[in-house]
Amino acid sequence: MKLRSFIIGINFILIILSGAIVALAGNSSWQYFGQIPLQNSEVKLKRPIFIDIDWQRQRYYVVEIEGKQLVSFDKERKMLTAFNADASLKVPIAMARDSQGNVWVVERAENQLLYIDFKEKKIDKFTLTHTDGSLVFIDRLAIGPQDFLFVLDRMQGAILKLDDSLKVIKIFSSSAQDFSGFHDFKIKSDGLWALDGFARKIYHFNTHDDTIEVINFTSTDLQFPIALELDDSKQIYVLDRHAGHIGVYDQKGRFKYNFIERGKRNGRLWYASNLIFDWEGRLCVVDEGNGRIEMFTR
Amino acid sequence: MKTPKEKILMLTIFVFIAEWLFLQLALTYASDCFKCHQTENFKGKVIHQPVKENKCAACHSPHVAKHKGLLKIEQAKLCFQCHESIEEKVSQSKFLHQPVKDGNCVKCHAPHAAEYLGLMDKTIADECWTCHKKPQKDYAYSHQPYAKGQCNSCHDPHGTPNSNLIIKTAPSLCLDCHKKEGDLKKRHLNKDLFELNCLSCHNPHGSNESSLVRSVRHAPFAKGACSVCHEKPNQIRVCLDCHQDTISSFYKSQSHVKGNGMGNPCANCHTPHAADRSGLLYGADGEACRACHEDTFKRREKTLYKHSEWSTCTHCHSVHGADQLAMLKDEPDKVCAGCHEKHINFVHPIGDKAIDQRNGKPMNCISCHDPCTGTMFKAQLRGSSGGSLCRECHIGY
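Residue numbers (this note's numbering), protein chains in the order written: chain Y, 130 to 427; chain V, 21 to 417.
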């Protein structure tokens, strides 16, 4: 009888311990990996605001707002080039590369799109309007399949799909009463994912079957969510600019855990603006306030 | 020998007798209390029920207690033991009055006796104005409840689901008193009054303009030229047609353009008819900002030391756009020096010669101070001036 009680007791303790280990692993599996530029490098970023990553060539492209330039880094995080497009960049806030390796840049100072053709050494500037002539206030952008350009229009809070002549061919938005406009979006193989930060919602516009799925976050401790990213298992990562952390949610919007803290030391965030995974599955967070790209791995 | 049943019965009777004796003792406390505590302090037109019944022990522990005033339990919990409806309201309210939030009922109520209903030492308005200095203005035209000091006609001093502790949102609250048909409807272009936001044009306390219209008027509204705006679709173009130069003020790295569909994003912050402040920002100071930046206001509520005039966000922040982080009007040091002119000359080194060890960036005022949300330390320092703040950089000291 005593032996039986002893075995049951041990089993009970083991169950509790394994549960605790699983919970801890879930919460603390992310670790600080390093930063761009390298900590001891002489290269300094004044105020990075956006990052784009070339998975094939394993390069990082950082949009530097105060330096008014685009800075590229190799896979070892060493700086390759700094480019200011013949001083055409005044307030660059985002960029995307097409399949030709040419670059689209959002130039906020003029509310224009710049197309930089590296082979032709040519820069073209475009102002975007809707079909009714109303102004598009260009914010973030991304290149989708077949080099279609997608831009976030802050004026309507909608995401616009543009054709080759930069005409708006599709608008991704919502007619929901609590729709507050999108803050960020990412294009994945299954469609377009957009964050409505103030409404605490994620919209998934499925490009295969043209359905729209709306995910409500269950956590109420989100303070100022401004950017999103998804991993291969479709977990959703939401960057909270004011809280200085990243919240992780499942496909139902159920809160899983937060990681990273607000602060100025390495591995902490101070007014972070964007996040993206690199080819190694490392999460790169653009830390505008601390002037670096923080990298986390698990 | 007694049976177990008889034993239980005996025990129950004993407990009842002991309880009754204890109650009698408690009731006799009052006479004992007043041997030291002067009875005059417990007199007034309105007397708290336990005082009236001489039940001092209902609230106080006569010998020792953990709580100030020898209260038996925490103040608010004690009050809620009888005032259950208030507890229910408080638990269901999104917005709470600060004293309620602090559990400090005696901030407004006298717990023993008072001259006014609701155990108040002053009239409702006088009580409110002890803390709320701002609305105490002499308007040329005043709203009747405001003029009569009937703050509780529109506000609930405990808590409500609505900001500014108003009982109901406008227009429902307003239309409870103001007739929905006839002249009022006619003066509002025969629009459905329930679809209008009265507070966007009218100041609910008073104004120097008739009909309590807020004093800063949009030019077309002041001229009665409604068609200037209303004949066009409600998009940003309706504003830009006149305010064309304004658009470039949004062309900054940090921009406040934030549309939510097909509407006009200017209306997020501005009222198109009348406001109390230049720039036609709606609501009281900070109210337009709070609509989106609720988190900042909530963090501020929890801090002990706050910057003066913290709700006037526009002192430090640009409204349309800025190339500085957090939409500051200028570099942090310059913004601070705008008011703290002398202090900027004798601070801890700042600028390029004083690099923040944590991130390699030049130090500035907000490296050590948090003027936006405030902190738990004096001068809104981000840590204790006795060590923890300094040791952030001066490791080993």
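Even glycine gets a Cβ: it sits at the ideal position worked out from N, Cα and C.
What are the residues of the stretch 339 to 358 of chain V that lie near chain Y, defined by any Cβ-Cβ distance shorter than 9 Å?
G341, D343, L345 and A346
What in chain Y is Cβ-close to Y271(V), meaning under 8 Å?
Here the question's residue 271(V) lines up with position 251 in the second sequence. Residues of chain Y passing the Cβ test: V220, R237, A238, E239 and N240.
Same chain, Cβ closer than 6 Å to K65(V), neighbours up to 5 away in sequence not counted
As a working mapping, residue 65(V) is identified with position 45 in the second sequence. These residues qualify, in order along the chain: E135.
Which two residues bound the contiguous beta strand (DSSP E) that contains Q241(Y)?
To locate residue 241(Y), count along the first sequence from 1; it is residue 112. That run of the beta strand (DSSP E) goes Q241 to D246.
Say whether chain V places a C-beta atom closer than 8 Å to the C-beta of G230(Y).
Position 101 of the first sequence, counted from the start, is the residue given in the question as residue 230(Y). No, its Cβ sits nowhere closer than 8 Å to a Cβ of chain V.
Leaving out five residues before and five after N345(Y) in sequence, what residues of the same chain have Cβ atoms less than 7 Å from its Cβ?
Translated into positions along the first sequence, residue 345(Y) becomes position 216. Excluding positions up to five away in sequence, the list reads R329, K330 and G382.
List in chain order: all unbroken alpha helix (DSSP H) runs of 4+ residues lying wholly within the stretch 333 to 398 of chain V.
352 to 357 and 385 to 388
Count the other CB atoms, across all protein chains shown, that sit within 10 Å of the CB of Q112(V); report buried if there are 16 or more and exposed otherwise.
The residue given as residue 112(V) occupies position 92 in the second sequence. Looking at its Cβ environment, which holds fewer than 16 other Cβ atoms inside 10 Å, Q112(V) is exposed.
Per-residue DSSP class, three states only, for L204(V):
Reading the second sequence from its first residue, position 184 is the one you call residue 204(V). Of the three classes helix, strand and coil, the one that applies to L204(V) here is helix, per DSSP.
State yes or no: is the beta carbon of N403(Y) nearer than 8 Å to at least one beta carbon in chain V?
Translated into the one-based positions of the first sequence, residue 403(Y) becomes position 274. Taking Cβ atoms only, chain V never reaches closer than 8 Å to N403(Y), which makes this a no.
Would you verify that the beta carbon of V258(V) is, or is not, closer than 8 Å to some beta carbon of chain Y?
Here the question's residue 258(V) lines up with position 238 in the second sequence. Not an interface residue.
Three-state secondary structure (DSSP) of Q168(Y):
Numbered from its first residue, the first sequence carries residue 168(Y) at position 39. Coil, per DSSP.
Just verifying my parser: in three-state terms, what is the DSSP assignment at A134(V)?
The count along the second sequence starts at 1 and reaches residue 134(V) at position 114. A134(V) falls in the strand class under three-state DSSP.
Helix or strand or just coil, what does DSSP make of D325(Y)?
As a first step, residue 325(Y) is located in the first sequence; it is residue number 196 there, counting from the start. The answer is strand: DSSP assigns D325(Y) an E or B state.
By DSSP's criteria, R421(Y) is part of a beta bridge. Which residues make up the other side?
Sequence index remark: in the first sequence, residue 421(Y) carries index 292 (1-based). Note: R421(Y) sits in a beta bridge opposite D416(Y).
C392(V) and H368(V) - do their beta-carbons sit closer together than 8 Å?
Numbered from its first residue, the second sequence carries residue 368(V) at position 348. Numbered from its first residue, the second sequence carries residue 392(V) at position 372. No, the pair does not count as a contact, with Cβ atoms beyond the cut-off.
Could you check whether the Cβ of G320(Y) sits closer than 8 Å to any Cβ belonging to chain V?
The count along the first sequence starts at 1 and reaches residue 320(Y) at position 191. For G320(Y), the answer is no, since every Cβ of chain V falls outside 8 Å of its Cβ.
Within 10 angstroms of the Cβ of W399(Y), are there 16 or more other Cβ atoms? Answer buried if so, exposed if not.
Translated into the one-based positions of the first sequence, residue 399(Y) becomes position 270. With 16 or more Cβ atoms within 10 Å of its Cβ, W399(Y) is classed as buried.
Would you identify the three-state DSSP class for L116(V), choosing helix, strand or coil?
As a working mapping, residue 116(V) is identified with position 96 in the second sequence. Strand, per DSSP.
As an exercise, report each continuous beta strand (DSSP E) stretch of at least 3 residues that is fully enclosed by the stretch 233 to 304 of chain Y, in chain order.
241 to 246, 251 to 255, 267 to 272, 278 to 282, 287 to 291 and 297 to 301
Figure out for me which residue from Q187(Y), T258(Y), Y386(Y) and L404(Y) has the closest Cα to the Cα of F314(Y).
Locating residue 314(Y) in the first sequence gives position 185, where the first residue counts as 1. Minimum Cα distance to F314(Y) is reached at L404(Y).
In the DSSP assignment, find the alpha helix (DSSP H) that holds K88(V) and state where it starts and stops.
For the purposes of this step, residue 88(V) is taken as the residue at position 68 of the second sequence. Here K88(V) belongs to no alpha helix (DSSP H), and DSSP marks it neither H nor E.
In this structure, how does DSSP classify I187(V) when only helix, strand and coil are distinguished?
Translated into the one-based positions of the second sequence, residue 187(V) becomes position 167. I187(V): coil per DSSP, three-state reduction.
Against chain Y, with Cβ distances strictly below 8 Å, would G179(V) count as a contact?
Position 159 of the second sequence holds residue 179(V). Taking Cβ atoms only, chain Y never reaches closer than 8 Å to G179(V), which makes this a no.
Count the CB pairs spanning the stretch 269 to 284 of chain V and the stretch 302 to 318 of chain Y that are closer than 8 Å, and state whether there are at least three.
yes
Beta carbon of V220(Y) nearer than 8 Å to that of I422(Y)
Along the first sequence, one-based indexing puts residue 220(Y) at 91. Along the first sequence, one-based indexing puts residue 422(Y) at 293. In this structure, I422(Y) does not lie closer than 8 Å to V220(Y) by Cβ.
How many angstroms separate the CA atom of T347(Y) from the CA atom of F384(Y)?
Taking the first sequence and counting its residues from 1, the one referred to as residue 347(Y) is at position 218. Taking the first sequence and counting its residues from 1, the one referred to as residue 384(Y) is at position 255. For T347(Y) and F384(Y), the distance between alpha carbons rounds to 6 Å.
When you check each C-beta in the stretch 402 to 427 of chain Y against every C-beta of chain V, which residues fall closer than 8 Å?
E417, G418, N419, G420 and R421
I'd like to know whether the C-beta of G275(V) is nearer than 8 Å to at least one C-beta of chain Y.
Position 255 of the second sequence, counting from 1, holds the residue named residue 275(V). As written in the sequence, residue 275(V) is Ser, which differs from the Gly given in the question. Yes, its Cβ sits closer than 8 Å to a Cβ of chain Y.
Tell me whether E342(Y) is buried or exposed, calling it buried when 16 or more other Cβ atoms sit within 10 Å of its Cβ.
Looking up residue 342(Y) in the first sequence gives position 213. Exposed: under 16 other Cβ atoms inside 10 Å.
What residue range does the beta strand (DSSP E) around K97(V) cover?
In the second sequence, residue 97(V) corresponds to position 77, counting from 1. First-last for K97(V): Q95 to C102, but that is the alpha helix (DSSP H), not the beta strand (DSSP E).
Counting Cβ pairs closer than 8 Å, one from the stretch 207 to 217 of chain V and one from the stretch 187 to 195 of chain V, do we hit at least three?
yes
Cβ-based burial, T180(V) [other Cβ within 10 Å; buried from 16]:
Indexing the second sequence from 1 puts residue 180(V) at position 160. T180(V) comes out buried.
What's the call for I288(Y), buried or exposed, on a 16-neighbour Cβ count within 10 Å?
If you number the first sequence from 1, residue 288(Y) lands on position 159. By the neighbour-count rule (16 or more Cβ atoms within 10 Å), I288(Y) is buried.
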